[in-house]
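Read the structure below first, then the notes.
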Amino acid sequence: MTTAVAPPLLEDTKLGPKAGGFYRRQNIWTGLGFGIFLGFVAWVVSHATIQGSNWGSDMVVTCTMLGWVIGFNVGMGTFNAPIRWMLGHDQTHEDELYAAGVSQGSSRYFKFCTDHKVVGTQYLVLVMVLFAVGGTLAMMIRTQLITAHSSFLDPQTYNAIVTVHGMVMIIATIIMVSGPFANFIMPIMIGAKDMAFPRLNAMSFWVVFSAVPCLLATFFLGGVNAGWTTYAPLSVQAPPAMDAFAMTIIVFVVSVTVAGVNTIVTVATMRAKGMTMGRLPIFTWGSVVGGALGLYAMPAFLVVMTMMITDRATGTSFFVPEMGGSQWLWENIFWIMGHPEVYVILIPPVAAVLEIASTFARKPVFGYKVAIAGFIAIASLSIMVWAHHMFTTGWAPNLAGPFMITTELISIPTGIIFLCTIGTLWRGSIWTRLPMYFVYLFIWNFIIGGVTGIYLSDVPADQFFHGDMFVTAHFHYTLLGGAMIGATAAVCYWFPKVTGRMLNERIGKVAFWTIALGIQVTYFGQFWEGFQGMARRIAQYNPQFQTANQMSTIGAYILMTGWIIFLYMMLNAWRRGKIAPANPWHAKTLEWKVPTPVPLENFVVDPVVTSDPYTYGEGVPDGQVVPEFAPTKEPELVPAGSAASGEPTATGGTN
Amino acid sequence: MSFEAEIDKIEADTILSGKPFFSRPSGKIFLIWLPLTIVGVLIGLYAPHHLLPVLQSPEGGDVFATIVFFTVLAAPVAALVYAISFYSLIAWRHKGEDPDVPPPDAEPQRENGPMTVLWLVVSTFLVVVLLFWGITVWSAQQIVHPNALQVNVTGQQWLWTYSYPGTGVETRNLELPLNRPVQFNITSKDVTHGFWPAVLGVQVDANPNVTTVIRTTPNKLGGFTVQCSQLCGLYHAFMNNKASVVTPAQFATWLQSNGANRISAAVAAGTTPVAATTAAVSS
């Protein structure tokens, strides 16, 4: 095995005993400890100081949550650097190296770590945990619905579960690609040594981390009974759980906004020499457009939730009709956030799918510029379609026509993305490794999600389908069958780079077919319920819907089995999978040109970029290389002649 | 056979290659596409009969027709994507001996201007057709019948109350006469509910302090269920009631007897619909 002689790595730097200052004493335990402490203090103090409050008053719950979030982040070290800067002792180079995780081994994953690869890995684990929580809640919902009058859950618990399932999944899907991969992979793709704002990057993770307990706390504060859309005025009257719910979202929006700014600035300013905007990998474009759209959409969520808290806690009446407020104000601001948000979820995984399709079809991305134009067109149109969620609310019926037009227009750029995907497959050399399986499943599911969307965009048909299980099936086909399967393809694709291990594809294919079958059975069952006219979010239903519900529940159990197999494959590979070569897919983007595990600051020698990364079959020299580590040939892991031994030697360092 | 030979076998997919249509990729894809499209169209034509409940109004008929029309229109498009993706797995899949070795690079094709333009034109055309259909149907539904039967609907947690102005009848079970235009004036006493008589093909939210209006004309006899379509709290799932479309004679008798389920005067006093403060929805 040939290894280039590398200069000493940054992570081997010997740091002085005081490097890092306060960071040396901080980790997740000090975070949790200080968070709980400050939450408790806020609870007691707010109860003592706010007149007429009890231990569960809205203002008291809000202050407690705020205390927890601030305390946790103080304990983690989120605010160390700005505080030191304000005190006049800016961080030294050694401190920054310490904060980037130098000489801390795997304990850096439990600390405030500015290394974008650590943050990406932290996000990946958080997303998996969130999906496990949301999936468990989904299975409880489907179990409840297995018979018409099941008493597995009481209505109160059922409504609370429906709400938290929705919100956990929304949070998880928003960060499922832009968290792990826009952090870990994207900077390497563009030849950057880190994100533009590494501390904000670490902050974005620990802030969203601290939001999750607030969301789960809703179960112990009476439960939010209003669905994840929390329509006013029901949510104004909801138990104190609603305050925790609103705080979750406020905190989450801070995280998403910070992360979005970071992504955009990184791509704008940190690209390697020669990495022009026209040579960016398509996934980078998807991350930027998704991040920019998030900057438009998510602040509306923060605003509307802040107004909700003031309505509940301080007696304002933005959304209280009896006092001059308007429930339609809530619905409008909510969906001004809510519809762009689904494209914040969707665009990054779709871009990842194009990236993967190109690698495994051994062809350039078809219509690179057209696809970018498609992303931008989707993002632009998506801010003008929100009222299609309100076709049947009675608000402004004269706007039904205009919003029908904008909504259906969005299918044109979406169609363009389909053209680019199948154009990339067209006459390619299809290499059916595990990521490619999920690319195909993305295409098959997403077309169903797209086609069923046109019924809902049509106002007369929406008069039947609104609030119906058909809607549930439609958006699960787009968000689970489309976006989440695209993200799964991304996980399979980048797993060897993130963890240094190969997935076991035999187990992966079992998981794939189980998931593929589970999705179809579950959501065709729900389409059937929808055609029959069953309302969403109901705990018990008319027995005429029972067969369709049982089909859906059986499908859900199949789907759960598939995800458990997939999770087993991931965890198993992470612990003792085959050591991955640096570039197992023989892809041309820069992240595959650096060694695995990726060194701190990624590039010992700056990469040289003279073309885009899609030069498959064009007979030109690779235009994206990393000089020191760019072998003229791939390092041969298996010596010629011993092809039978599949296990490559781990002399490259297992670490 | 080497991969290059396979590439040669596929050959350029144009008329210039001299091969008959059905030996070229596009011809083979057509052969996959055609049955898929036929299946899709047949599903569109026949499945709604079996899946949908019996729709009891012209608006319901519009829903039915829209589902059929959109499915038939979408079937060829979806079938095309499926056909190409299936064919790519059949014909262009690389079956190498070592799964870790990637296939040789394919012939690069970065763009195809005419194809992109064609795709854009066709998808835009289809969208225009959808819009034309949707707006035409929606506009036709906006007719106001001056003599429509007025029904005031009040939602509250977690039941619906119906009153027929001028008759003094208040009931929890909706009855409607056949073939007479009806106008529902809907409001709520507490939170937002969704008034959803699914088989009538109309739906609107019941909002506190506001009266929203929907209009329809029941045209088939039979019973149905009114559901609440907007999560409205604890017993949302149970906020539904029986309703039926009856002959005008039966309806008159029912009104005369004030309905079997007439609410007692004491209860009725508390369930008068909230006066409309905003007649936002009237045109």
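Just so you know, the sequences run in chain order U and C.
For the first sequence, the working numbering begins at 1 and goes up steadily by one.
For the second sequence, the working numbering begins at 1001 and goes up steadily by one.
Even glycine gets a Cβ: it sits at the ideal position worked out from N, Cα and C.
On a predicted model such as this, the values are computed, not experimentally measured, just so you know.
- Counting along the chain, the unbroken alpha helix (DSSP H) around residue 204 of chain U starts and ends at 198-217.
- For residue 1152 of chain C, the enclosing beta strand (DSSP E) starts and ends at 1149-1156.
- Beta-bridge pairing by DSSP links residue 1049 of chain C to no other residue.
- Interface annotation, residue 389 of chain U: not in contact with chain C, CB-CB separation never under 8 Å.
- Going by beta carbons, residue 325 of chain U and residue 318 of chain U fall inside the 8 Å limit.
- Residue-level contact by beta carbon fails for residue 297 of chain U and chain C, as no gap is shorter than 8 Å.
- Here residue 395 of chain U has 328 as same chain residues with Cβ atoms under 6 Å from its own Cβ, once five neighbours each way along the sequence are excluded.
- Contact holds between the segment 108-128 of chain U and the segment 189-201 of chain U, because three or more Cβ pairs, one in each stretch, are under 8 Å apart.
- Membership of residue 583 of chain U in any alpha helix (DSSP H) is not indicated, and neither H nor E is assigned to it by DSSP.
- Closest in C-alpha terms to residue 46 of chain U, from the list U:61, U:35, U:488, comes U:61.
- Contact between residue 486 of chain U and residue 353 of chain U holds, with the beta-carbon distance rounding to 5 Å and staying under 8 Å.
- For residue 1092 of chain C, the nearest CB of chain U lies under 8 Å from its own CB, placing it at the interface with that chain.
- If the five residues before and after residue 1080 of chain C are omitted, its C-beta is found closer than 7 Å to the C-beta atoms of 1033, all from its own chain and listed in chain order.
- Taking all protein chains in view, the Cβ of residue 151 of chain U is surrounded by fewer than 16 other Cβ atoms within 10 Å, so the residue is classified as exposed.
- By the 16-neighbour rule on beta-carbons within 10 angstroms, residue 576 of chain U is exposed.
- Residue 362 of chain U places its beta carbon 8 Å or farther from that of residue 611 of chain U.
- For residue 1206 of chain C, DSSP records a beta bridge to C:1193.
- Using a Cβ distance threshold of 8 Å, residue 549 of chain U and residue 529 of chain U count as a contacting pair.
- Contact between the segment 1113-1122 of chain C and the segment 414-423 of chain U is present: three or more C-beta pairs spanning the two stretches fall below 8 Å.
- For residue 442 of chain U, the CB contacts under 7 Å within the same chain, skipping 5 residues up- and downstream, are 353, 482, 485, 486, 489 in chain order.
- If the five residues before and after residue 126 of chain U are omitted, its C-beta is found closer than 8 Å to the C-beta atoms of 175, 179, 205, 208, 209, 212, all from its own chain and listed in chain order.
- In the displayed model, residue 180 of chain U falls within a helix according to three-state DSSP.
- Put simply, the CB of residue 370 of chain U is near chain C, with a gap under 8 Å to one of its CB atoms.
- Around residue 260 of chain U, the same chain offers 291, 294, 295 as residues with beta carbons nearer than 6 Å, after the five sequence neighbours per side are excluded.
- Per DSSP, residue 1087 of chain C has no beta-bridge partner at all.
- By the beta-carbon neighbour count (other beta carbons within 10 angstroms, threshold 16), residue 534 of chain U is buried.
- Contact annotation: the segment 140-147 of chain U does not touch the segment 227-244 of chain U, with fewer than three C-beta pairs closer than 8 Å.
- Close partners of residue 1116 of chain C in chain U (Cβ separation under 7 Å): 367, 370, 419.
- Put simply, the segment 63-76 of chain U touches the segment 32-45 of chain U. At least three CB pairs are less than 8 Å apart.
- For residue 1229 of chain C, at least one C-beta of chain U is nearer than 8 Å to its own C-beta.
- Residue 27 of chain U is a Cβ neighbour of residue 111 of chain U, given a cutoff of 8 Å.
- Looking at the backbone, the Cα of residue 505 of chain U and that of residue 1141 of chain C are separated by about 55 Å.
- Segment contact: the segment 507-514 of chain U against the segment 1202-1219 of chain C, fewer than three CB-CB distances shorter than 8 Å; contact not assigned.
- In this structure the segment 1189-1209 of chain C does not touch the segment 1162-1172 of chain C; the number of beta carbon pairs closer than 8 Å is below three.
- Only residues of its own chain outside the window of five on either side were considered, and among them 1055, 1056, 1057, 1059, 1060, 1216, 1218, 1224 have a CB closer than 8 Å to the CB of residue 1200 of chain C, listed in chain order.
- Residue 519 of chain U and residue 386 of chain U have their C-alpha atoms some 27 Å from each other.
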